[in-house]
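Just so we're aligned, residue 436 is where the sequence shown starts under the numbering used here, counting upward by one.
Cβ coordinates follow ideal geometry from the N, Cα and C atoms, glycine included.
Source: prediction; values computed, not measured.
Encoded as structure tokens, the structure appears first; notes follow it.
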Amino acid sequence: MIIKTVIDIRQPVAVVFKGLVEPSNMPKWIEGFQTLESVKGKRPRKGSISKHIFNDSKGRMEIQEEILKFDRNKKFEIRLSHKNMDTHQAFQFLNQGNEITRLILTTQTRLIPVFMGIFSIFMKSRMKKQQEADLKKFKYLVEK
Numbered sequence: 436m437i438i439k440t441v442i443d444i445r446q447p448v449a450v451v452f453k454g455l456v457e458p459s460n461m462p463k464w465i466e467g468f469q470t471l472e473s474v475k476g477k478r479p480r481k482g483s484i485s486k487h488i489f490n491d492s493k494g495r496m497e498i499q500e501e502i503l504k505f506d507r508n509k510k511f512e513i514r515l516s517h518k519n520m521d522t523h524q525a526f527q528f529l530n531q532g533n534e535i536t537r538l539i540l541t542t543q544t545r546l547i548p549v550f551m552g553i554f555s556i557f558m559k560s561r562m563k564k565q566q567e568a569d570l571k572k573f574k575y576l577v578e579k
């Protein structure tokens, strides 16, 4: 399942990029996110691995993050792994002029085990709404 979200942010690319990769900002814009624990390397370097800790109504959840690409002010790609899913997220940063950045987030999720794919039809709409809501919170955070 692929979800693509595009949002324009009234800040220069460098400000948007820095705000996105800064771990201390993550709880402020990612729903349910609590903390990030380094496992290998230093985030946000390519190849570094971290553990994301989430708490929601269903309890605690841990997701492993591996940074696949770190191209400052242009592209940031991560793999998020959990026993029930494997997700690839690609953040692209485009300068629109007048200190406006277009942030494009493309998320590709594969549910595990395969039979869970049946539920992806129902989950896609919910996941898209959550991705849009999270990016709106990020926009507000970076613009203020």
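Below-8 Å beta-carbon distance, residue 524 vs any chain C residue: Protein chain content of the structure displayed is limited to a single chain, and chain C is not contained in it.
Residue 497 - DSSP class collapsed to helix/strand/coil: For the purposes of this step, residue 497 is taken as residue 62 along the sequence shown, with counting starting at 1. It is a strand residue.
Alpha carbon of residue 500 to alpha carbon of residue 534, nearest angstrom: Locating residue 500 in the sequence shown gives position 65, counting from the first residue. Locating residue 534 in the sequence shown gives position 99, counting from the first residue. About 30 Å.
Classification of residue 479 by the beta-carbon crowding that lies within 10 angstroms, buried from 16 upward: Taking the first residue of the sequence shown as position 1, residue 479 is located at position 44. Residue 479 is buried by the Cβ-count criterion.
Delimiting residues of the beta strand (DSSP E) encompassing residue 477: Mapped onto the sequence shown, residue 477 falls at position 42. No beta strand (DSSP E) holds residue 477; DSSP gives it neither H nor E.
Minimum C-alpha distance to residue 578 - residue among 436, 440, 448 and 437: Translated into positions along the sequence shown, residue 578 becomes position 143. Ranking the options by Cα distance to residue 578, first place goes to 448.
Counterpart residues of residue 568 in DSSP-defined beta bridges: Within the sequence shown, numbered from 1, the residue matching residue 568 stands at position 133. Paired residues: none, contrary to the question.
In DSSP terms, what residue 546 is bridged to: Position 111 of the sequence shown, counted from the start, is the residue given in the question as residue 546. Answer is 520, bridged to residue 546.
Boundaries (first-last residue) of the alpha helix (DSSP H) holding residue 453: Here the question's residue 453 lines up with position 18 in the sequence shown. Note, residue 453: alpha helix (DSSP H), 448–456.
Residue 560, DSSP secondary structure in three states: Stepping through the sequence shown from its first residue, residue 560 is reached at position 125. Three-state DSSP puts residue 560 in a helix.
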